[in-house]
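Undergrad:
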DNA sequence: TGGCCCATATTGCCGCAACATTACGAAACT
DNA sequence: AGTTTCGTAATGTTGCGGCAATATGGGCCA
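Residue numbers (the working numbering), protein chains in the order written: chain H, 14 to 235; chain D, 14 to 235.
#1: At a cut of 8 Å, does the stretch 211-230 of chain H reach the stretch 145-156 of chain H through at least three beta carbon pairs?
#2: Strictly by DSSP, which residues pair up with residue 28(H)?
#3: With residue 219(D) as the anchor, note down where its beta strand (DSSP E) starts and where it stops.
#4: Touch check for the stretch 184-195 of chain H and the stretch 16-26 of chain D: three-plus C-beta pairs under 8 Å?
#5: Taking buried to mean at least 16 other C-beta atoms within 10 Å of its own C-beta, is residue 34(H) buried or exposed?
#6: If residue 107(H) sits next to residue 80(H), beta carbons under 8 Å apart, how far is it from one beta carbon to the other, in whole angstroms?
#7: Residue 209(H) versus chain D: which residues are under 7 Å apart at the beta carbon?
#8: Please report how far the alpha carbon of residue 32(D) lies from the alpha carbon of residue 119(D), in whole angstroms.
#9: Under 8 Å, with one C-beta from each stretch per pair, do the stretch 78-94 of chain H and the stretch 221-229 of chain H reach the 3-pair mark?
#10: Under the criterion of a Cβ to heavy atom distance below 6 Å, does residue 25(H) qualify as lining the ligand GTP?
#11: Put residue 148(H) into one of helix, strand or coil per three-state DSSP.
#12: Could you name the residues of the same chain whose beta carbon sits closer than 6 Å to that of residue 133(H), not counting the 5 residues immediately before and after it, in chain order?
#13: Does chain D have any CB closer than 7 Å to the CB of residue 65(H)?
#14: Can you check DSSP and say which residues form a bridge with residue 41(H)?
#15: So, is the C-beta of residue 226(D) closer than 7 Å to a C-beta in chain H?
#16: List, in order along the chain, the chain H residues whose C-beta lies closer than 9 Å to that of residue 24(D)?
#17: Indicate whether residue 152(D) and residue 232(D) have their beta-carbon atoms separated by less than 7 Å.
#18: Can residue 177(H) and residue 206(H) be called in contact, C-beta distance under 7 Å?
#19: Given residue 89(D), which residues of its chain have a CB within under 8 Å of its CB, disregarding the five upstream and five downstream residues?
#20: Please report the straight-line C-alpha distance between residue 72(H) and residue 182(H), rounded to a whole angstrom.
#21: Return the chain-ordered ranges of every alpha helix (DSSP H) run that is complete within the stretch 69-99 of chain H and spans a minimum of 4 residues.
#22: Below 8 Å CB to CB, which residues in the same chain sit around residue 221(D) once its five sequence neighbours on both sides are set aside?
#23: Under a CB-based cut-off of 7 Å, is residue 82(D) close to chain H?
#24: Suppose you measure from the CA of residue 43(H) to the CA of residue 17(H); what does that come to, to the nearest Å?
#25: Check distances from the C-beta atoms of the stretch 170-192 of chain D to those of chain H and list, in chain order, the residues that come in under 7 Å.
#26: Exposed or buried, residue 139(D), counting other C-beta atoms within 10 Å across all chains shown (16 or more means buried)?
#27: Report the rounded CA-to-CA distance for residue 145(D) versus residue 160(D), giving the unit in angstroms.
#28: Below 7 Å between beta carbons: does that hold for residue 57(H) and residue 82(H)?
#29: From the beta carbon of residue 212(H), is the nearest beta carbon of chain D less than 7 Å away?
#30: Which residues does DSSP pair with residue 113(D) in a beta bridge?
#31: From residue 27(H) to residue 87(H), what distance separates their C-alpha atoms?
#32: Along chain D, in chain order, which residues have C-beta atoms closer than 9 Å to that of residue 105(H)?
#33: Throw me the rounded Cβ distance for the residue 93(H) and residue 66(H) pair, which I believe falls under 8 Å.
#34: Short of 8 Å in beta carbon distance, which residues of its chain neighbour residue 203(D), apart from the five on each side in sequence? Order them along the chain.
#35: Can you tell which of 29(D), 141(D) and 162(D) has the C-alpha that lies nearest to the C-alpha of residue 38(D)?
#36: Residue 162(D) to residue 201(D), Cα distance in whole Å?
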């Protein structure tokens with residue numbers, strides 16, 4: 014599990030990172046909106062935690078961009094602005110949770126874990142690419158309305174590809190998503206899965222392009 | 014579409030109403046159980062959304078009365094109490110969905126939509142799939158009109174499967190429903206129950222498919 | 001431009017884990 | 001004691017998924 018932390022107060026960031034790592038959660042830490050957008054392009058995260066006030070602006074403004082980079086990405090906003098109005102503003106912009114400062118570190122950890130533990134949070138939210146719709150809640154997919162049968166590994170790979178449809182997904186990110194962090198992969202097994210996925214996706218007018226040396230990219234057929 | 018919203022936190026209520034109205038959903042808003050019962054007498058709603066904790070009590074207690082006032086009314090319960098125990102309690106009382114706070118507004122909208130197009134017909138605490146009818150109230154079932162005898166564990170498993178008819182149910186969710194949360198399950202007991210259920214369900218034109226590595230899925234025979 | 005090298009594609013094979021089914025015995029309830 | 005239920009295990013079956021052999025093609029360098 015890997016999360017993106019965007020926080021410019023270094024003391025707080027350090028405290029959060031060490032707390033999260035004690036829970037076996039990997040943390041990518043950046044301190045500006047610009048770096049956040051770059052980070053989300055280069056890796057697949059399970060959750061993003063944003064401080065609202067950052068040196069280069071209000072982090073609410075980049076939520077749409079983050080979601081565009083990675084559909085369905087759960088987002089938690091931290092803020093000293095804790096009034097109900099601010100809360101509502103944050104939630105309506107698309108944040109999944111809004112935590113007012115000051116807060117207990119353990120509470121943030123608990124909320125992160127709650128979000129991860131509960132795919133139902135985003136149940137029934139579908140992503141559509143071409144004639145393909147992918148349901149983030151239960152990992153089911155339909156091609157042109159017809160339900161398609163996917164195996165476990167195929168679901169894991171397709172989820173990441175679809176969430177970043179139109180953008181490249183690093184090969185390492187795919188391996189990480191389909192297998193664990195520790196699970197080593199010895200051969201071209203991933204390629205084989207991609208190959209099988211391609212065949213199943215053909216009726217949905219969706220292609221998986223390979224980006225030589227980098228990874229893969231899923232997009233609708235032209 | 015017109016829904017009944019029972020929520021005493023005014024900030025949240027306002028946020029929900031504006032979000033729902035953006036989706037062309039009319040909202041009747043009240044903030045107590047008493048007002049909810051009065052509202053449901055005076056109008057026909059497509060769905061009721063209840064906050065669980067209200068000034069005059071636990072909203073679970075009025076679910077039967079709501080259903081009596083309007084048979085088959087789909088009900089979604091919102092609650093800060095998100096533990097599996099609370100969820101189960103809510104669903105067993107007859108709620109159709111149980112959403113833990115905090116949640117994304119869009120998710121509530123999605124779930125409302127999902128309830129509107131649900132494949133299984135719900136009427137008077139009974140669910141029908143194929144020639145099978147399952148009574149949520151007392152856990153009895155009939156196949157093509159003939160009452161069928163189910164054991165306790167079979168009832169528990171079938172209820173979960175029927176509630177999610179047409180959608181996959183994680184194996185872990187089934188174990189959780191049939192046994193306790195703490196109760197460990199050592200062998201293939203669950204498989205055995207599924208097997209026995211299959212045989213009993215055959216006359217009802219209902220099949221339990223296994224989704225390898227994930228869980229099971231109940232649907233009417235094609 | 002031609003050729004080499006290496007990344008990726010594709011396919012078949014087969015082990016093995018997941019699932020199915022049945023039987024049996026212990027325990028619980030009557 | 002009789003009956004029913006449920007957990008366990010034994011045995012059979014399926015199909016996922018890892019691996020490797022082979023094919024294809026892109027890109028770099030001479």
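For every residue, glycine included, the Cβ atom is placed at its ideal position computed from N, Cα and C.
TA: Reading off the structure:
#1: yes
#2: By one-based count along the first chain, residue 28(H) stands at place 15. Beta-bridge pairing links residue 28(H) to no other residue.
#3: Stepping through the second chain from its first residue, residue 219(D) is reached at position 206. Unbroken beta strand (DSSP E) run through residue 219(D): 219-224.
#4: no
#5: For the purposes of this step, residue 34(H) is identified with residue 21 of the first chain, where counting begins at 1. That one is exposed.
#6: Numbered from its first residue, the first chain carries residue 107(H) at position 94. Numbered from its first residue, the first chain carries residue 80(H) at position 67. About 6 Å; that satisfies the 8 Å criterion.
#7: Looking up residue 209(H) in the first chain gives position 196. Simply none; closest approach about 15 Å.
#8: Position 19 of the second chain, counting from 1, holds the residue named residue 32(D). Position 106 of the second chain, counting from 1, holds the residue named residue 119(D). When rounded, the distance between both Cα atoms is 8 Å.
#9: no
#10: In the structure shown, the ligand GTP is absent, as is every other ligand, since no ligand is present at all.
#11: Here the question's residue 148(H) lines up with position 135 in the first chain. Three-state result, residue 148(H): strand.
#12: Working through the first chain from its first residue, we reach residue 133(H) at position 120. Interpretation of residue 133(H) is limited by its pLDDT of 44, a score under 50 that renders its predicted location unreliable; no figure is taken from the coordinates.
#13: Along the first chain, one-based indexing puts residue 65(H) at 52. So no, residue 65(H) is outside the interface.
#14: Position 28 of the first chain, counted from the first residue, corresponds to residue 41(H). Partner(s): 17(H).
#15: As a working mapping, residue 226(D) is identified with position 213 in the second chain. Judged by the 7 Å Cβ criterion, residue 226(D) is in contact with chain H.
#16: Here residue 24(D) is taken as the residue at index 11 of the second chain, counted from 1. Per Cβ cutoff of 9 Å: 97, 98, 100 and 101.
#17: In the second chain, counting from the first residue as 1, residue 152(D) sits at position 139. In the second chain, counting from the first residue as 1, residue 232(D) sits at position 219. No.
#18: Residue 177(H) sits at position 164 when you count from the first residue of the first chain. Residue 206(H) sits at position 193 when you count from the first residue of the first chain. Not closer than 7 Å, so no.
#19: The sequence position of residue 89(D) within the second chain is 76, counting from 1. Only 60, 61, 62, 63, 108, 109, 110, 111, 112, 121, 124, 125 and 128 meet the Cβ criterion.
#20: Here residue 72(H) corresponds to residue number 59 of the first chain, with the count starting at 1. Here residue 182(H) corresponds to residue number 169 of the first chain, with the count starting at 1. Their Cα atoms are separated by approximately 24 Å.
#21: 76-82
#22: Start at 1 with the first residue of the second chain, and residue 221(D) comes out as number 208. Once the five neighbours on either side are set aside, the close Cβ partners of residue 221(D) are 174, 207, 210, 211, 214, 229, 230 and 231.
#23: Numbered from 1 along the second chain, position 69 holds the residue referred to as residue 82(D). No, residue 82(D) lies away from the interface with chain H (no Cβ there is under 7 Å from its Cβ).
#24: Here residue 43(H) is taken as the residue at index 30 of the first chain, counted from 1. Here residue 17(H) is taken as the residue at index 4 of the first chain, counted from 1. Roughly 8 Å between the two C-alpha positions.
#25: 180 and 181
#26: Indexing the second chain from 1 puts residue 139(D) at position 126. The residue is buried, with at least 16 neighbouring Cβ atoms inside 10 Å.
#27: For the purposes of this step, residue 145(D) is taken as the residue at position 132 of the second chain. For the purposes of this step, residue 160(D) is taken as the residue at position 147 of the second chain. Distance between the alpha carbons of residue 145(D) and residue 160(D): 10 Å.
#28: Here residue 57(H) refers to the residue found at position 44 of the first chain. Here residue 82(H) refers to the residue found at position 69 of the first chain. For residue 57(H) and residue 82(H), no; Cβs fall outside 7 Å.
#29: Position 199 of the first chain, counted from the first residue, corresponds to residue 212(H). No, its Cβ sits nowhere closer than 7 Å to a Cβ of chain D.
#30: In the second chain, counting from the first residue as 1, residue 113(D) sits at position 100. 92(D).
#31: Here residue 27(H) refers to the residue found at position 14 of the first chain. Here residue 87(H) refers to the residue found at position 74 of the first chain. Each residue's alpha carbon lies about 22 Å from the other.
#32: Along the first chain, read from residue 1 onward, the residue named residue 105(H) stands at position 92. What residue 105(H) touches in chain D: 28, 31, 32 and 118.
#33: For the purposes of this step, residue 93(H) is identified with residue 80 of the first chain, where counting begins at 1. For the purposes of this step, residue 66(H) is identified with residue 53 of the first chain, where counting begins at 1. That pair is a contact at about 7 Å.
#34: Taking the second chain and counting its residues from 1, one reaches residue 203(D) at position 190. So the qualifying residues of the chain are 170, 184, 187, 188 and 191.
#35: As a working mapping, residue 38(D) is identified with position 25 in the second chain. When each option's Cα is compared against that of residue 38(D), the closest is 29(D).
#36: By 1-based counting over the second chain, the position of residue 162(D) is 149. By 1-based counting over the second chain, the position of residue 201(D) is 188. Each residue's Cα considered, the two are about 23 Å apart.
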